[in-house]
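Sequences listed follow chains F and D, in order.
If you're matching positions, the first sequence starts at 3 in our numbering and goes up one per residue.
If you're matching positions, the second sequence starts at 7 in our numbering and goes up one per residue.
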Amino acid sequence: MNHLDSKFGEYGGMYVPELLIPALDQLEQAFIDAQKDPEFQAEFMGLLKDYAGRPTAMTLTRNLVSNPKVKLYLKREDLLHGGAHKTNQVLGQALLTKRMGKTEVIAETGAGQHGVATALACALMGLKARIYMGAKDVERQAPNVFRMRLMGAEVIPVTAGSGTLKDAVNEAMRDWSASYDKAHYLLGTAAGPHPFPTIVREFHRMIGEETRAQILEKEGRLPDAVVACVGGGSNAIGMFADFIDEPSVRLVGVEPAGKGVHTKEHGAALGKGTTGILHGAYSYIMQDEDGQIEESYSVSAGLDYPAVGPQHAYLSDIGRAEYVSVTDEEALIAFQILSRKEGIIPALESSHALAHGLNMADEAEDDTIIVVNLSGRGDKDLAHVHSILGDAFTGGADND
Amino acid sequence: MTNTIDRYSNMFKKLDQDKQGAFVPFVMVGDPDADTSVDIINALIEGGADALELGFPYSDPIADGPTIQNAAIRALSHKIKTTECFEVIKKVREADKEIPIGLLLYSNLVLKRGIEKFYQDAADAGVDSILIADVPLREADRFIAVAEQTGIKQILIAPPNASDETLAEIGKKSQGYTYLLGRAGVTGAETAVSIPASDLINKLAQYKVAPPLLGFGISTPEQVADAIKSGAAGAISGSATVNIIAENLGQPEVMLEKLKTFVSNMKAATSK
């Protein structure tokens, strides 16, 4: 039986083949032991500080909000080594891999950010990484494929099914069911079977803890709202975790509305999905009336996932967190605004959170403090955004 | 309506008298289409199958290798619905009132229809057992409760890495038969079964689990004979059966003949 709660209300659980239960139990035990082990904690904290560059900055935006009495801060996970928050929890799980005496790591990746984070951690710690990536994504995300390979990871294109992130997860789980003796499945988001949603949250919770300390230092009080994008939901749960018991802080998750939630082309699993099981967890998912999983869509590959982490499903149901959605178009505008006005190029994922944060700031009363989690930087998106905006794009210089 | 006939127990009794083990082929319902699927299942029965293990196609089958994934993709390419899958089973049941019919599928298909409705529809179609590939013991209780109400047997999986606690719990809860995994990994004929060590078989007996049928990686009569020699009550063969369908899509008559021959060769290896 489990030592930690495997469910959030009715959400979560361990809906996996019986074969994988011993491996998940072993992982849960290793995690429990590691959390109590000062040596593990010291090594993890040391890596976060000296290798990854924590704490990340908290930046008060200068030119985004018209009301001078409203403050919009950015939590700068884009400055973390690897270019996104993902490095946090990957370092933690890589240490767990070694603790369990395993020598290989399996991972899935969509846009390639989790794959890159996994590759760098495995390079650092001498682990052998194989990373499953949908064949379509391998083509679309060539620079990240090259990054992973440079750092020694094997990238395996997945052609089964639809050849995207959900199929990469399927393939990683299939691999793991034959290799669990020596391989750890380093799942990349706060979804999947227990204990992954809990482990991923705990290994990202410093995002919210640092935010609390930094805002208290700058403002002398907690923020009124924290805002984060939600695909599987790892950066959001990392930001929310330390504020869940602070009812004065609004927790706002932003899902990808793609071409609009009235179309079929979106990834708003919480907003428009229904309850069901995907990849080992009971949560909100995108499915047809028979329970076949539907394809999600978003301009941002990191949010393009037809399910959401089970703790978000729970926080939504009990009304503790609110979830909204932002379209491709709105995210692309926010992407350009932050670049143009603050000199920061955000990831398309984070641009969703920013777009909603900007709307909140516009409508906010005086003396409101909002923190947007800028979960990643936009370098990986440059070619994609360039192709969308076209060669005629000249930036804001001549049309301000 | 609930099932009142215990077809598995009848089958095992008869096989015992005849000094045989069971041979159980698996195919995907709706592969390559609903009508051909009925003919295929009937061919398996004609070939001498002792029981049937039937899959319902699902978009994200994490416990399956490429052969069975592709069977699901072929079935779903015609947008086959769960309701039509039950129609196929009804036709098979009308033609054969005795053969045990088991479903092997994934949890989300059951959940989306509603656990109670799914199990009741299955019972009404003449299904004897349900195995949900992604519901381990730890999540099984609410499915077992509905199974008992509807007279369906909930099949549990005994993996080769199972702890004694797991085997003891399977012993308490298993009905019909126990799906004994012949190896780690996913379904597929590419990686052969490893015949279970006698101490695992002994443990299964010690914990009084329902009769173990060995599956995963069984594709030859020799493997069937070895499985039964090792103490298993029979053998299940999925990917090897489905491969015959995949290789003969353009010639259904040849496909049906080959399936019959395959099943009858596998069945011939079940003598004790």
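All C-beta atoms, glycine included, are put in the ideal place defined by N, C-alpha and C.
For clarity, every value in this text was computed on a predicted model and none was experimentally measured.
Handout entry: Exposure label - Ile-11 of chain D; buried when at least 16 CB within 10 Å
Key = So Ile-11 of chain D counts as exposed.
Practice task
With 7 Å as the threshold, decide whether the Cβ of Lys-96 of chain D is near any Cβ in chain F.
Solution key: So, not an interface residue.
Exercise for the section: State the Cα-Cα distance for the pair Gly-255 of chain F and Lys-184 of chain F, rounded to the nearest angstrom. Expected result: Between the C-alpha atoms of Gly-255 of chain F and Lys-184 of chain F there is a straight-line separation of about 36 Å.
Exercise for the section: Determine which residues of the stretch 131-143 of chain F have a Cβ less than 9 Å from any Cβ of chain D, and write them out in chain order. Expected result: none
Handout entry: Residues, ordered as in the chain, of the stretch 166-181 of chain F that lie near chain D by beta-carbon distance below 7 Å
Key = Lys-168, Asn-172, Met-175, Arg-176, Ser-179 and Ala-180
Problem - beta strand (DSSP E) segment containing Tyr-134 of chain F, residue limits - result: 130-136
Problem - Residues that Gly-191 of chain D contacts on chain F, provided the C-beta gap is smaller than 7 Å - result: Ser-179 and Ala-180
Problem - Span of the alpha helix (DSSP H) around His-358 of chain F - result: 350-365
Handout entry: Closer than 7 Å to chain D by CB, Asp-400 of chain F
Key = Reliability of the predicted coordinates at Asp-400 of chain F is poor, the pLDDT of 49 falling under 50, and the value obtained from them is presented with this limitation in mind. It does not: the Cβ of Asp-400 of chain F has no partner Cβ on chain D nearer than 7 Å.
Handout entry: Nearest neighbour of Thr-267 of chain D, chosen from D:Ala-55, D:Ile-74 and D:Met-17 [CA to CA]
Key = D:Ala-55
Exercise for the section: In the DSSP assignment, find the beta strand (DSSP E) that holds Ala-69 of chain D and state where it starts and stops. Expected result: Element bounds for Ala-69 of chain D: n/a, residue is neither H nor E.
Problem - Under 7 Å between C-beta atoms of Phe-124 of chain D and Cys-91 of chain D - result: no
Handout entry: Nearest-angstrom beta carbon gap, Leu-350 of chain F and Ser-302 of chain F [assumed within contact, 8 Å]
Key = Going by Cβ atoms, the distance from Ser-302 of chain F to Leu-350 of chain F rounds to 4 Å, so yes, they are a contact pair.
Exercise for the section: For His-262 of chain F, write down the residues that DSSP places opposite it in a beta bridge. Expected result: The sequence shown places Gly at residue 262 of chain F, rather than the His named in the question. Note: Gly-262 of chain F sits in no beta bridge, so no partner.
Practice task
Verify whether the separation of the beta carbon atoms of Glu-59 of chain D and Phe-32 of chain D is less than 7 Å.
Solution key: yes
Handout entry: Buried or exposed by the 16-neighbour rule on C-beta atoms within 10 Å, applied to Ala-144 of chain F
Key = exposed
Exercise for the section: Can you have a look at Asn-65 of chain F and say buried or exposed, based on whether 16 or more other CB atoms are within 10 angstroms of its CB? Expected result: exposed
Problem - Neighbourhood of Lys-214 of chain D by C-beta, 6 Å cutoff - its chain only, sequence neighbours within 5 removed - result: Correct list, in chain order: Gly-177.
Handout entry: Burial state of Asp-232 of chain D, where buried means 16 or more other Cβ atoms lie within 10 Å
Key = buried
Handout entry: Interfacial residues, the stretch 323-344 of chain F to chain D, with Cβ spacing under 8 Å
Key = none
Exercise for the section: Indicate whether Ser-245 of chain D and Thr-73 of chain D have their beta-carbon atoms separated by less than 7 Å. Expected result: yes
Handout entry: Three-way DSSP call (helix, strand, coil) for Met-127 of chain F in this model
Key = helix
Problem - Proximity test, Cβ basis, 7 Å: Ser-245 of chain D and chain F - result: Proximity of Ser-245 of chain D to chain F, defined by a Cβ-Cβ separation below 7 Å, is not satisfied.
Handout entry: Cross-chain neighbours of Ala-192 of chain F in chain D, by beta carbon under 7 Å
Key = None at all; the shortest Cβ gap to chain D is about 19 Å.
Exercise for the section: Look up Pro-249 of chain F in the DSSP assignment and give the residues it is bridged to. Expected result: Pro-249 of chain F pairs with nothing; no bridge assigned.
Exercise for the section: Could you tell me which chain F residues have their CB closer than 7 Å to the CB of Val-141 of chain D, listed as they occur along the chain? Expected result: Taking a Cβ-Cβ threshold of 7 Å, the residues of chain F close to Val-141 of chain D are Tyr-17, in chain order.
Practice task
Could you tell me whether the stretch 319-337 of chain F touches the stretch 147-158 of chain D, using the rule of 3 or more Cβ pairs below 8 Å?
Solution key: no
Exercise for the section: Kindly indicate which three-state DSSP category Met-47 of chain F falls into: helix, strand or coil? Expected result: helix
Practice task
Please name the residue in F:Ala-155, F:Val-374, F:Asp-35 and F:Ala-59 whose C-alpha comes closest to that of Gln-216 of chain F.
Solution key: F:Ala-59
Practice task
Could you name the residues of chain F that Pro-217 of chain D contacts, counting a contact when the two beta carbons are closer than 9 Å?
Solution key: Chain F residues near Pro-217 of chain D: none, gap ~18 Å exceeds 9 Å.
Exercise for the section: Apply the 10 Å Cβ neighbour rule to His-314 of chain F and answer buried if 16 or more other Cβ atoms are within range, or exposed otherwise. Expected result: buried
Problem - Nearest candidate by alpha-carbon position, reference Leu-76 of chain F, set F:Glu-173, F:Lys-130, F:Val-228 and F:Ala-394 - result: Selected option, being the one with the closest Cα: F:Val-228.
Handout entry: Met-288 of chain F to Ile-234 of chain D span [Cα, whole Å]
Key = Their Cα atoms are separated by approximately 44 Å.
Handout entry: Three-state class that DSSP yields for Lys-278 of chain D in the structure shown
Key = coil
Exercise for the section: Establish whether the CB of Thr-88 of chain D and some CB of chain F are separated by less than 7 Å. Expected result: yes
Practice task
Would you please verify whether the beta carbon of Glu-253 of chain D is less than 7 Å from any beta carbon of chain F?
Solution key: No, Glu-253 of chain D lies away from the interface with chain F (no Cβ there is under 7 Å from its Cβ).
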